[in-house]
Amino acid sequence: MTLTYDDVLARYEPVFGLETHVELGTVSKMFCGCSTEFGAEPNTHTCPVCLGLPGALPVVNETAIESTIKIGLALNCSIAAWSRFARKNYFYPDMPKNYQISQYDEPLCSEGYVDVEVEGTTYRVGIERVHMEEDTGKNTHVGTSGRIHGAEYSLVDFNRAGIPLIEIVTKPVPGAGRLAPEVAKAYVTLLRDLLRTLGVSDVRMEQGSLRCDVNTSLNLPGAEWGTRTETKNVNSLRSVERAVRTEIVRQAELLDQGQRIIQETRHFSETTGDTRPGRSKEEATDYRYFPEPDLVPVAPDAAWIETLRANLPELPAARRARMRDVLGVSADDMQAMTNAGVVDLVGATVEAGAPVAEARNWWMGYLAQKANEREVDAADLGVTPAQVARLVALVADGSLSVTLARQAVDGVLETGADVDAVVAERGLKVVSDTGALETAADEAIAANPDIAEKVRGGKLPAVGALVGAVMKATRGQADAAAVRAILLERLGVTE
Amino acid sequence: MSDLIRLSAADTAAAIARGEASAVEVAQAHLDRISAVDGQVRAFLHVDAEGAIAAAQAVDARRAAGETLLPLAGVPLAMKDVVVTEGLPTTAGSKILEGWRPPYDATITRRIKDAGIVILGKTNMDEFAMGSSTENSAYHPTHNPWDLTRIPGGSSGGSSAAVAAYEAPLSIGTDTGGSIRQPAAVTGIVGHKPTYGAVSRYGLIAFSSSLDQAGPFGRTVLDAALLHEVIAGHDRCDSTSLDLPVAPVVAAAREGATGDLRGVRIGVVRELGGEGYQAGVLQSFAAALDTLRGLGAEIVEVSCPHFEYALAAYYLIAPSECSSNLARFDSVRYGLRVGDDGANSLEDVMSLTREAGFGPEVKRRIIIGTYALSSGYYDAYYGQAQKVRTLIARDFAAAFEQADVLVSPTSPFVAFGIGERVDDPMAMYINDLCTLPASLAGTPAISVPCGLSEGLPVGLQIMAPTLADERCYRVGAAFESAVAPVLASIPELTR
């Protein structure tokens with residue numbers, strides 16, 4: 289029996305919660321001076337502290353504290369006047385000290401919230417706590433299984449050990465109904481935007497700098513919340529949505545069969561979208577938390593907190609509302625632009641004089657494609673909103689065709705020069721000299737007698753090849769529609 | 002025997018500065034002495050003759066170049082093996098670190114080297130500083146130079162024996178519950194536990210982080226003070242290090258040596274004496290009070306009612322912290338590895354390594370600490386013990402309203418026979434009765450020789466308020482000036 293998602297939601301109410309780990313973008317690690325740069329040779333960004341050598345001691349990275357407070361403020365949390373680190377004790381070979389310095393019952397930030405909007409409805413996601421901890425090293429298990437059990441041998445890279453992590457824990461979120469997966473995804477999306485806006489993390493999910501654990505439970509309407517499962521290893525926005533959806537359906541199938549849900553950790557597979565059981569909470573480790581005696585309490589000065597609060601940048605929700613007013617676009621459009629990370633770019637392009645539709649098309653179209661090819665964010669592509677606005681103006685007044693405008697973008701990307709300079713240097717202009725076009729058309733016809741014959745015989749689409757030849761001859765500077773008309777006229781064909 | 006080994010550290014430095022002896026001659030004289038007597042005393046785990054001569058040559062070269070030498074330049078020192086020394090074996094008295102050569106220097110090692118002090122080698126100790134007799138060394142016991150059948154105290158027994166046996170004029174110890182003061186007492190030398198945070202712990206292999214503190218041993222109060230000023234001072238690598246000026250202990254020792262204690266109120270702690278203390282120890286202590294009174298001090302009795310809980314609190318806090326601190330010894334990155342035969346799992350290899358690498362006392366404390374921190378027991382054990390610390394600190398604060406310093410015997414006993422107490426942990430633990438309160442409160446305390454009982458040294462403990470280390474030295478030096486030097490009656494060691 290396979291239930292559909294809609295079947296399930298007709299009968300059950302889901303509750304979800306998220307624990308999100310974010311790597312902060314600090315230059316150095318949480319407790320030592322080692323670099324946090326991603327992708328270095330294994331074990332080159334290490335020192336006695338992050339290798340857990342005997343005698344080494346941690347010292348807190350102040351920038352990490354500042355970043356955490358900013359995150360707490362942006363999530364409407366209260367910031368503790370006095371907060372402590374704690375040791376979380378468990379043995380694992382990627383943990384240099386076999387304890388992780390984390391926070392336990394005295395987190396730096398707690399009791400906040402953030403509002404997310406899905407399909408026109410606003411959902412409030414309560415924030416339980418925001419705390420600091422250090423990342424572990426990275427194990428590579430060599431062997432057929434790829435897991436520690438059955439591995440031939442395992443390699444450990446401690447470059448990641450000690451990178452500052454922020455854990456953001458939501459309160460349980462009930463009441464989202466069938467939109468629970470979307471609300472979960474919207475929350476993580478908002479979190480990502482917020483972290484980027486704050487400048488505290490570049491949130492590169494593909495590098496694992498934002499990782500989610502998703503808690504899900506189901507209950508009958510009006511009944512108490514059900515037993516939750518914790519799905520780990522959910523590392524993309526799409527996966528957050530899938531993980532909630534998958535777990536809702538899986539739990540409903542069990543409940544329908546009269547089985548109980550076991551409180552357990554489950555692992556999410558990015559490839560299949562399924563979850564499979566991990567260790568059950570009943571055999572969970574006792575972490576033996578106790579206050580970290582090697583560190584003094586963190587007691588941020590109230591005036592400092594207020595300075596940070598006063599200097600927070602415009603946050604994504606406010607900016608989105610403002611931009612929606614400025615741009616006058618639909619919620620869906622706004623969401624699409626947000627997901628593509630181009631809202632500000634479109635806004636700035638509009639401010640530079642371009643119509644909204646044109647600005648949107650450029651940033652969501654050709655420029656997004658270029659950014660994708662170059663594996664950079666649109667904002668880092670190297671084309672400014674002002675340049676895009678100039679291109680739009682040149683197309684509007686007929687100086688450039690869209691094709692030529694794209695060539696101009698390529699030129700800007702290649703040379704770093706401004707639009708007008710590229711246009712001038714490359715001689716990009718629409719050829720409107722009919723005589724020149726007619727000559728080029730005649731040459732194309734003469735060079736491709738077979739195609740010309742087909743067109744004359746009534747196969748109109750074949751004219752495309754001739755148009756292409758003329759466009760090539762004029763280096764793309766002609767108006768394709770005009771060329772087509774000239775060709776058809778000279779071939780004596782009417783549409 | 003060369004006279005060079007009989008000099009105080011202060012006189013040795015003066016002789017080198019004046020060119021009456023070269024640093025190399027001094028180092029060689031001590032290396033010869035070690036060769037001659039350490040086969041009996043067994044104070045050292047590792048002697049670094051080559052490094053010592055090289056360091057001495059550097060001092061001689063600086064003098065030859067006309068540089069003004071630092072106060073202890075050229076003076077040899079024995080380093081407790083719990084302090085990390087770059088390139089020199091560092092084992093903390095444990096098999097689990099056998100053969101480990103650290104890639105870095107502890108902050109105090111660096112400061113000692115920068116002061117031109119010549120490190121002769123690493124001294125024996127109870128494994129991971131857990132013990133009061135140095136019998137818990139995984140390598141061999143150390144013998145008290147006063148009577149080779151007796152213990153030299155512990156855990157810094159190698160360092161105390163080396164100084165008492167004239168193998169080095171200075172040594173470094175660490176004190177978690179009395180591990181500097183009790184060995185000093187039973188070998189007839191001076192040992193000081195500084196205010197917690199006065200000396201950096203960076204590079205001290207941690208036993209109990211909230212209690213561990215390194216300090217000096219010397220044959221005179223001034224020598225200990227000179228070494229104290231070398232190692233003390235803020236260190237940004239240790240978050241618990243105090244960012245305050247170093248206590249003026251050398252000046253205090255010189256002031257005290259004038260023998261004038263008029264106006265000084267000395268409190269006798271009622272709870273540290275009486276039943277359970279050896280009669281000879283109590284007699285020496287009573288005589289010491291008379292001496293202090295004779296120097297002009299006013300003797301008052303104070304009561305510290307919570308001191309009786311110190312032993313129980315200590316044996317929860319120290320094992321709890323050590324159970325976490327020692328987790329890093331897992332065979333993954335350094336040290337011993339047992340059972341890595343391709344058939345055993347990682348978990349098995351960790352267990353087998355820890356089973357083979359840790360001695361019985363270390364295991365006992367790891368097990369006690371693991372239990373005390375476990376979920377459901379934390380509040381009753383670790384949490385309660387931390388409250389006792391607060392009460393003890395309040396007792397000290399109240400007592401220091403009535404007195405400038407507090408005094409007690411350092412240990413209830415003189416040195417006992419090797420093997421006499423090894424089978425009875427409680428009989429061993431009560432060695433620390435008098436030293437534990439200052440450890441738990443983080444306050445400074447010194448032990449100075451105060452006579453003999455049955456031919457064996459007795460120690461006088463002088464405790465001062467937090468950050469007032471200079472009071473220990475002033476009163477200690479005054480007392481020293483008024484009594485016959487105890488070490489003068491140490492039996493001559495023969496080959």
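Heads up: the sequence lines are chains F and W, in that order.
Each residue of the first sequence is one higher than the one before, counting from 289 in the numbering used here.
Each residue of the second sequence is one higher than the one before, counting from 2 in the numbering used here.
Positions of the beta carbon are idealized from the N, C-alpha and C atoms, including for glycine.
Helix, strand or coil for residue i, going by three-state DSSP, please let me know.
| i | result |
| --- | --- |
| ALA442/W | helix |
| GLN41/W | helix |
| GLN462/W | strand |
| TYR380/F | coil |
| MET2/W | With a pLDDT of 45 at MET2/W, under the threshold of 50, the predicted position of this residue should be treated as unreliable, and no value is reported. |
| SER265/W | Before going on, a small fix: residue 265/W reads as Val here, not Ser. Three-state DSSP puts VAL265/W in coil, outside helix and strand. |
| GLN547/F | coil |
| VAL250/W | helix |
| GLN388/F | strand |
| ARG496/W | Caution applies to ARG496/W, whose pLDDT of 48 falls short of 50 and renders its modelled position unreliable; the model cannot decide the point. |
| SER9/W | coil |
| PHE401/W | helix |
| ASP621/F | helix |
| SER176/W | Looking at the sequence shown, residue 176/W is not Ser but Asp. Three-state DSSP puts ASP176/W in a strand. |
| SER160/W | helix |
| VAL671/F | coil |
| GLU1/W | Absent from the model: residue 1/W. The displayed extent of chain W is 2 to 496, so no value can be given. |
| SER527/F | helix |
| PRO579/F | strand |
| SER371/F | strand |
| GLY418/W | strand |
| LYS194/W | strand |
Identify the contact partners of residue i in chain F, using a Cβ-Cβ distance below 9 Å as the criterion.
| i | result |
| --- | --- |
| ALA1/W | The requested residue 1/W is not part of the displayed model; chain W covers only 2 to 496. |
| THR354/W | Those do not exist, as THR354/W stays about 12 Å from chain F at its closest Cβ, beyond 9 Å. |
| ARG237/W | VAL347 |
| TYR379/W | ARG576, TYR577 and PHE578 |
So with CB distances below 9 Å, who are the chain W contacts of residue i?
| i | result |
| --- | --- |
| PRO384/F | ARG329, VAL333 and ARG334 |
| ALA584/F | It should be noted that the sequence gives Val, not Ala, for residue 584/F. Within 9 Å Cβ-Cβ: SER240 and THR241. |
| VAL444/F | VAL333 and ARG334 |
Starting from residue i and walking both ways along the beta strand (DSSP E), at which residues does that stretch end?
| i | result |
| --- | --- |
| ILE152/W | Element bounds for ILE152/W: n/a, residue is neither H nor E. |
| GLN214/W | 214–219 |
| ASN521/F | 517–522 |
| PHE304/F | 301–311 |
| GLY122/W | 119–124 |
| MET611/F | Note, MET611/F: premise wrong, no beta strand (DSSP E); alpha helix (DSSP H) at 604–615. |
| THR410/F | 409–422 |
| TYR401/F | 397–406 |
| THR553/F | 552–556 |
What residue does the alpha helix (DSSP H) around residue i start on, and which one ends it?
| i | result |
| --- | --- |
| HIS229/W | 222–232 |
| CYS500/F | Not the alpha helix (DSSP H): CYS500/F falls in the beta strand (DSSP E), residues 498–507. |
| PHE480/W | 470–483 |
| SER325/W | 311–326 |
| PRO410/W | Looking at the DSSP string, PRO410/W is not in any alpha helix (DSSP H); the run it does join, the beta strand (DSSP E), is 406–410. |
| ARG294/W | 280–295 |
Strictly below 7 Å CB to CB, what residues from chain F border residue i?
| i | result |
| --- | --- |
| TYR383/W | PHE578 |
For a contact defined as C-beta to C-beta under 7 Å, what are the partners of residue i on chain W?
| i | result |
| --- | --- |
| PRO452/F | Chain W residues near PRO452/F: none, gap ~16 Å exceeds 7 Å. |
| GLY581/F | The sequence as given places Pro at residue 581/F; Gly does not occur at that position. Per Cβ cutoff of 7 Å: SER210, SER211 and GLU322. |
Along chain A, in chain order, which residues have C-beta atoms closer than 7 Å to that of residue i?
| i | result |
| --- | --- |
| ASP574/F | Reference to chain A is not applicable here, since the protein chains of this structure are F and W. |
What residues from chain W crowd round residue i, counting only those whose CB sits closer than 8 Å?
| i | result |
| --- | --- |
| GLY566/F | Correct list: empty, because the minimum Cβ distance to chain W is about 17 Å. |
| GLY340/F | ARG329 and ARG334 |
Check each residue of the segment 369–396 of chain F: if its Cβ is closer than 8 Å to any Cβ of chain W, include it; give the result in chain order.
From the segment 369–396 of chain F, only ARG375, ASN377, PHE379, PRO381, PRO384, LYS385, ASN386 and TYR387 have a Cβ closer than 8 Å to chain W.
Length-filtered (3 minimum) beta strand (DSSP E) runs lying within the segment 48–100 of chain W:
Qualifying beta strand (DSSP E) stretches, in chain order: 77–81.
At a Cβ cut of 9 Å, what residues of the segment 192–220 of chain W count as close to chain F, listed as they run along the chain?
For the segment 192–220 of chain W, the set of positions with a beta-carbon nearer than 9 Å to some beta-carbon of chain F reads SER201, ARG202, TYR203, GLY204, LEU205, ILE206, ALA207, SER209, SER210, SER211 and LEU212 in chain order.
Which whole runs of the alpha helix (DSSP H) in the segment 439–482 of chain F are 4 residues long or more, in chain order?
Correct list: empty.
If you measure beta-carbon to beta-carbon, which residues of the segment 83–108 of chain W are closer than 9 Å to chain F?
From the segment 83–108 of chain W, only VAL83, VAL84, VAL85, THR91, ALA93, LEU98, TRP101, PRO103, PRO104, TYR105 and ALA107 have a Cβ closer than 9 Å to chain F.
Residues of the segment 307–320 of chain F whose Cβ lies closer than 8 Å to any Cβ of chain W, in chain order
Hits within the stretch: zero.
Taking a cut of 8 Å between CB atoms, which residues from the segment 597–614 of chain F lie near chain W?
Cβ contacts with chain W: none found.
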